[in-house]
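In our numbering, the protein residues as written are 1 to 306.
Each residue gets a CB set at the ideal place from its N, CA and C atoms; glycine is no exception.
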Amino acid sequence: MNSNPLSTRLAGLELKNPTVLASGILGYSTESLQRIAEAGAGAIVTKSVGLTPRMGYPNPTVVQANGGLINAMGLPNPGIVEYASEISFTKTVITVPLIVSIYGYSAEEYAEVAKTATEAGADAVELNVSCPHVKKTGSEIGQNPMLLKQVIRQVKAATSKPVIIKLSPNITDIVELAQAATKSGADALTAVNTVRAIAIDTETALPILSNTRGGLSGPAIKPIALCAVYDIYEKVKTPIIGCGGIATWQDAVEFLLAGASAVQIGTAIALRDPMVFQAINHGIQTYLKKKKHRSVQEIVGQAHRN
Ligand SMILES: Cc1cc2nc3c(=O)[nH]c(=O)nc-3n(C[C@H](O)[C@H](O)[C@H](O)COP(=O)(O)O)c2cc1C
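1) Consult DSSP for E176 and reduce its assignment to one of helix, strand or coil.
2) Kindly indicate the opening and closing residues of the alpha helix (DSSP H) around C227.
3) In angstroms, rounded to a whole number, what distance separates the CA positions of A199 and A180?
4) Can you tell which of S217, A197, Y233, G138 has the C-alpha that lies nearest to the C-alpha of I25?
5) How long is the line joining the alpha carbons of L167 and K290, rounded to whole angstroms?
6) From the DSSP output, in three-state form, read off A247 for me.
7) When you measure from the CB of A262 to every non-hydrogen atom of ligand 2, does any distance come out below 7 Å?
8) With the cut-off set at 8 Å, would you say Y103 and T137 are in Cβ contact?
9) To the nearest angstrom, report how far apart C131 and Q285 are at their CA atoms.
10) Taking 8 Å as the cut-off, decide whether the C-beta atoms of I164 and I99 are in contact.
11) What separation, rounded to the nearest whole angstrom, lies between the Cα atoms of M1 and I152?
12) I want to check one thing, is the minimum distance from the CB of A22 to the heavy atoms of ligand 1 below 7 Å?
13) R54: buried (16+ other C-beta within 10 angstroms of its C-beta) or exposed?
14) Use the C-beta contact count for K222: other C-beta atoms within 10 angstroms, 16 or more gives buried, fewer gives exposed.
15) Which same chain residues, not among the five before or five after D123, have their C-beta less than 7 Å away from its C-beta?
16) Could you check whether L127 and V81 sit closer than 8 Å to each other, using their CB atoms as the reference points?
17) Going by other Cβ atoms of all chains shown within 10 Å of its Cβ, with 16 needed for buried, is A41 buried or exposed?
18) Are any of the Cβ atoms in chain C nearer than 8 Å to that of L209?
19) Go through the segment 32 to 97 residue by residue and report every complete run of the alpha helix (DSSP H) that reaches 4 residues or more, in order.
20) Rounded to the nearest angstrom, what separates I70 and K47 at their Cα positions?
21) If you drop the 5 nearest sequence neighbours on each side, which residues of the same chain put their C-beta closer than 6 Å to that of D173?
22) For T95, count neighbouring Cβ atoms within 10 angstroms of its own Cβ and tell me buried if that reaches 16, exposed if not.
23) Would you check whether ligand 1 has a heavy atom nearer than 7 Å to the C-beta of S88?
24) By Cβ distance below 6 Å, which residues in the same chain neighbour N193 in space, the five residues on each side in sequence not counted?
25) Does DSSP put T204 in a helix, a strand or coil?
26) Count the other C-beta atoms from every protein chain shown that fall within 10 angstroms of the C-beta of D201, then say buried if there are 16 or more, exposed otherwise.
27) Pop quiz: G74 and V134 are said to be a contact at Cβ under 8 Å. What is the actual Cβ separation, rounded to whole angstroms?
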């Protein structure tokens, strides 16, 4: 029997616990990713990186909302060629799996970024096909099952590492996309990215974000994300990583019971602090003991029993 009840396997990755840093919250630098690994995360996802450098949008790019944040950063990133050496360096420093989040403007671009990230040492890639605020990438790809299939197939051909698909909640039927991703060979699904949102300044009578619209994250979206996980688990066998508004161990356990094999945590780090990983892991472990479960795996999807 495995002596660590928190350990879990996800798309071929061994995780010492089911908590994962969500993409974009702490950027790319080895120092910040290392800080999160030391705070107890079982795996790390980098901010999304593309083929060429991108400036992102001018400020304001983030605004606080009731129960969360609305952001439209515009995918600022140094480009994969520049970032590859940082990936290699990060791999020498952190001991938990490093998942590189990638985006592109075509299937070929996604594949090329995935290949370079893999050669640099990524343990897996997460395809951002769900960013709600940059044109011709992100959710414009993830909302179209045909395009999504093409992207996944090309990426699968370009890397031997697990390919995780991050789904958008801004669609009518997330299960349809989850099924399309599964058919194309997705190794895991992350559900979900941010929910399309806007904030307006009553003084200027204008939208606050420079990009006008953004994506809502944090506790306000938790029930939406949880429902997405529940719906996908009912119809799809691919492992799911729950993401959206997870801030406490109770939130994390709800996602596991709904069918997630692991959970990503983002906004809670900004609204609380990185020690949220330790607190959530401690809470999950205490819950498992109290309910007499030997492992996290035992409770995955338990809310679906009749
Ligand atoms: C400031 C900020 C930047 C983000 N950047 C990215 C990104 O680069 N790529 C991505 O896939 N998701 C990005 N996200 C979305 C998060 O990874 C996550 O899916 C979302 O925030 C919901 O989780 P949370 O409520 O725990 O934050 C970003 C979120 C925030 C708040």
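So, to answer that:
1) Of the three classes helix, strand and coil, the one that applies to E176 here is helix, per DSSP.
2) 222 to 235 is the span of the alpha helix (DSSP H), which, as asked, contains C227.
3) Whole-angstrom Cα-Cα distance: 33 Å.
4) Nearest of S217, A197, Y233, G138 to I25, Cα basis: S217.
5) K290 has its alpha-carbon roughly 33 Å from the corresponding atom of L167.
6) The answer is coil: DSSP assigns A247 none of H, G, I, E or B.
7) Inclusion of ligand 2 in the displayed structure is not the case, the ligand content consisting of ligand 1 alone.
8) Contact: yes.
9) Distance between the alpha carbons of C131 and Q285: 33 Å.
10) For I164 and I99, yes; Cβs fall inside 8 Å.
11) Note that M1 has pLDDT 49, beneath the 50 cutoff, so the model's placement of it is unreliable and no number is given.
12) Flag set: Cβ of A22 near ligand 1.
13) Here R54 is buried. Its C-beta has 16 or more other C-beta atoms within 10 Å.
14) K222 is buried by the Cβ-count criterion.
15) So the qualifying residues of the chain are L13, P97, L98, I99, K161.
16) Cβ distance not < 8 Å, so V81 and L127 don't count as in contact.
17) Per the 10 Å Cβ criterion, buried.
18) No chain C is present in this structure, which holds just one protein chain.
19) Listed in chain order, the alpha helix (DSSP H) elements of length 4 or more contained wholly in the segment 32 to 97 are 80 to 93.
20) Looking at the two C-alpha atoms, the distance is approximately 17 Å.
21) Nothing listed; no residue qualifies.
22) Classification for T95: exposed.
23) No, the beta carbon of S88 sits no closer than 7 Å to any heavy atom of ligand 1.
24) Taken in chain order, the residues that qualify are S130, K166, S168.
25) Of the three classes helix, strand and coil, the one that applies to T204 here is coil, per DSSP.
26) With fewer than 16 Cβ atoms within 10 Å of its Cβ, D201 is classed as exposed.
27) Going by Cβ atoms, the distance from G74 to V134 rounds to 6 Å, so yes, they are a contact pair.
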